[in-house]
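Enquirer: Chains as they are written, first to last, in my numbering: chain A, 965 to 1218; chain B, 52 to 322.
Idealized CB from N, CA, C, for every residue including glycine.
All figures in this text were calculated on a predicted structure; none of them were measured in a lab.
Quick one: the structure is below, questions incoming.
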Ligand SMILES: Nc1ncnc2c1ncn2[C@@H]1O[C@H](COP(=O)(O)OP(=O)(O)OP(=O)(O)O)[C@@H](O)[C@H]1O
Ligand SMILES: [Mg+2]
C-alpha cells in the first residue's frame, strides 16, 4: 500500500462545551478517493478545516506528506496549501471578483500568471464543470446556486492539486450535472493521481466516487471500509445512514 | 441571568464581578486589537504590495468620501463663523472671525469632522464587507488559495485610509474656510476681500500640518477598527450588523481620543 498523503491522528476539537471531534483517525493515499459520511452537524466540515489548518486541533496531529503540519505557519503552511484544493460547502466565492477571476485566483495572485493566460485556463476549467465561457465575466451573485458550486469546484481543481477536499460537491445539483461532477472527481483521482476526501450525503455519489468510505459519528470514525462493503458493513449506524431510516441507533439531538 | 457568579441574591449584577470581568475583557480586547494592528502594519509597510487592491481602496475610501466630507465641512465652517461672530460680539471682537475660523478648521475641525464622518461611512462599510466575507467563508477560502488576508484585505485598506485621509482633510479645510467666508460675507456683512486677506495672513503651515498629521492617524484608526471588527464577526446578518455598529462606535471614540492626545502633544512641542 502506498504511503498516505494525509493523516489525521487523534484529532480533537471543541467549541466551548461542544465536543465536536473526539479523536478522529483517518488517512488517504495518492490516487485514492475517500468519502466521509456523517449526520448533519457531526463535524465533517470542522474535520476538513482542521486538516487544512484553518482551525487548530485541541489535540492530535495532522500529517501531510510525512511532515507534521499541525502547527505550521507562514512559509511551511503556504507550501502545504499550494498542493491542496478545497471546495467549501458554501462555495465561498469572492463576490467582488468575476467568475473567471475566482477560478483563476491562485494563478493570478500566488502564481503571478498573466491575466490573459489565466483567463484561458479558467475557461478551460469551467468547461470541465460544464459551464460555458459566457459565465466567465459574470459575478457570483449573477449565477444560480448550483452554478456557484461548480465555479467553486473549478477553483479548487484548476491547479491540479495533490490533495483535494470536496465538502458536499453534488448538493444542490440536478442528477445529470451531479454525475458529471462525480466523473470529474474520479478523473482527478484516477488520471491525475490526486488524493480526494469528499463529504457527501448523496449515497449515489458516494458509491460512484469512493474507493473507501468512512463514517463520522459522535466525534470519531466509527466505521471504515472499501466502498463495495458499504451495504454489508455490519454496523447498525452505517446501515441506518445508508438506508436513510429515521429509526435506529442514530437519533437527532433534541 | 442565572449565572451565580455575576448575580447577587437580589438579582442585580454583582458590581465587583461585573467590574472585574469588564476590565479583563477590555484588557484582552486591547491586546487582540494591538496584535491585529501590528500584523496589519507589518503587511502594510513591507513588500509585496497588492497595488490593484490598494488602488480599489483609494477610490472607495478616498474618492467616494469627497461629497460627505465637503458637505460636512461647509456646514461646520458656516456654523463656526456664526458662533464666533455672536460670541465675539459680546466684547467687540467680531473682526477675528476669519482668524478663528481658519485656525479652528485647520488645527481641529477639518480633521475631526473628516475622521468622524469616515468612522461612519468607511469603518462601518469595511466592517460589513469583511464581516460578510468572514461568515461566508471567503476569508478561509483566501487562506487556502495562499492569499494572506493581512496582505490582501487589511493592509490595502489601512494604507488607502492613511494616504487619502490627509487629502480629504485638506479638502475639508478649504471647503470649511469657504463655508465661514460664505456666511460672513452674505449674512454678516463682512467685506469679502478683507475677510480673505485676514484668512490668508493668519493661515500658517504649522496649523495645516497639525491637521494633516492627525488625519494620517485617524485614517489608520478608521481602517483598523473596520477590519478588526469585521474579521471577528460572528455568523449571520446580525453578526455582521453588530460588527459594523461596534466598529463605527469604536472608531468614532478612538478618533476623538486620538485627537485629544495629538492636540496635547502638538501644544507641548509648541506647534
Ligand atoms: N467556528 C465555529 N464556532 C463554533 N462552533 C462551530 C464552528 N464551526 C462549527 N461549529 C460547530 O461544530 C459542529 C459541527 O459542525 P460542522 O459544520 O462540522 O457540521 P457538518 O458535519 O459539516 O454538518 P453538515 O452536514 O450540516 O454540513 C456544529 O455543532 C457546529 O455548531
Ligand atoms: Mg458541513
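#1: Alpha carbon to alpha carbon, how far is residue 63 (chain B) from residue 57 (chain B)? Give it in angstroms, no decimals.
#2: Hey, would you say the C-beta of residue 975 (chain A) is under 7 Å away from at least one heavy atom of ligand 1?
#3: Go ahead and pull the three-state DSSP assignment for residue 254 (chain B).
#4: For ligand 2, is there any heavy atom lying closer than 7 Å to the beta carbon of residue 1169 (chain A)?
#5: In angstroms, rounded to a whole number, what distance separates the CA positions of residue 82 (chain B) and residue 75 (chain B)?
#6: With respect to 7 Å, is the separation between the Cβ of residue 265 (chain B) and the closest non-hydrogen atom of ligand 2 below this value?
#7: Can you tell me whether DSSP reads residue 1182 (chain A) as helix, strand or coil?
#8: So which residues on chain B does residue 1042 (chain A) lean against when the C-beta distance must stay under 8 Å?
#9: Can you pull the chain A residues whose beta carbon is under 8 Å from the beta carbon of residue 80 (chain B), in chain order?
#10: Between residue 1204 (chain A) and residue 1213 (chain A), which are expected to be in contact by the criterion C-beta below 8 Å, what is the C-beta distance as a whole number of angstroms?
#11: Which one or two residues does DSSP pair with residue 1162 (chain A) in a beta bridge?
#12: Buried or exposed for residue 1109 (chain A), please, with buried defined as at least 16 other CB atoms from any protein chain shown within 10 angstroms of its CB.
#13: Should the segment 301 to 313 of chain B be called in touch with the segment 181 to 193 of chain B, which here means at least 3 C-beta pairs below 8 Å?
#14: Rounded to a whole number of angstroms, what is the C-alpha to C-alpha distance between residue 126 (chain B) and residue 239 (chain B)?
#15: Taking 8 Å as the threshold (C-beta atoms), are residue 1036 (chain A) and residue 1025 (chain A) in contact?
#16: Could you check whether the segment 1154 to 1170 of chain A touches the segment 993 to 1011 of chain A, counting it as contact only if at least three pairs of C-beta atoms, one from each stretch, sit closer than 8 Å?
#17: Please determine whether the Cβ atom of residue 1109 (chain A) lies at a distance below 7 Å from any heavy atom of ligand 1.
#18: What do you reckon, are the CB atoms on residue 161 (chain B) and residue 227 (chain B) nearer than 8 Å?
#19: Against residue 280 (chain B), what residues of chain A qualify as contacts under a CB-to-CB distance less than 9 Å, listed in chain order?
#20: Measuring alpha carbon to alpha carbon, tell me which residue in A:972, A:1097, A:1047 and A:1046 is nearest residue 1065 (chain A).
#21: For residue 985 (chain A) versus residue 971 (chain A), is the C-beta distance shorter than 8 Å?
#22: Considering only their Cβ atoms, is the gap separating residue 263 (chain B) from residue 221 (chain B) smaller than 8 Å?
#23: Identify which residue in A:1094, A:1087 and A:1112 has its Cα closest to the Cα of residue 1100 (chain A).
Expert: Per the coordinate set shown:
#1: For residue 57 (chain B), the pLDDT reaches just 47, beneath the cut-off of 50, and the residue's location in the model is therefore unreliable, although a value from the coordinates is still provided. So the two alpha carbons sit approximately 8 Å from each other.
#2: no
#3: coil
#4: no
#5: 11 Å
#6: no
#7: coil
#8: 197
#9: Chain A residues near residue 80 (chain B): none, gap ~19 Å exceeds 8 Å.
#10: 6 Å
#11: A:999 and A:1130
#12: exposed
#13: no
#14: 16 Å
#15: no
#16: yes
#17: no
#18: yes
#19: Within 9 Å Cβ-Cβ: nothing; residue 280 (chain B) doesn't reach chain A, min ~19 Å.
#20: A:1097
#21: no
#22: yes
#23: A:1087
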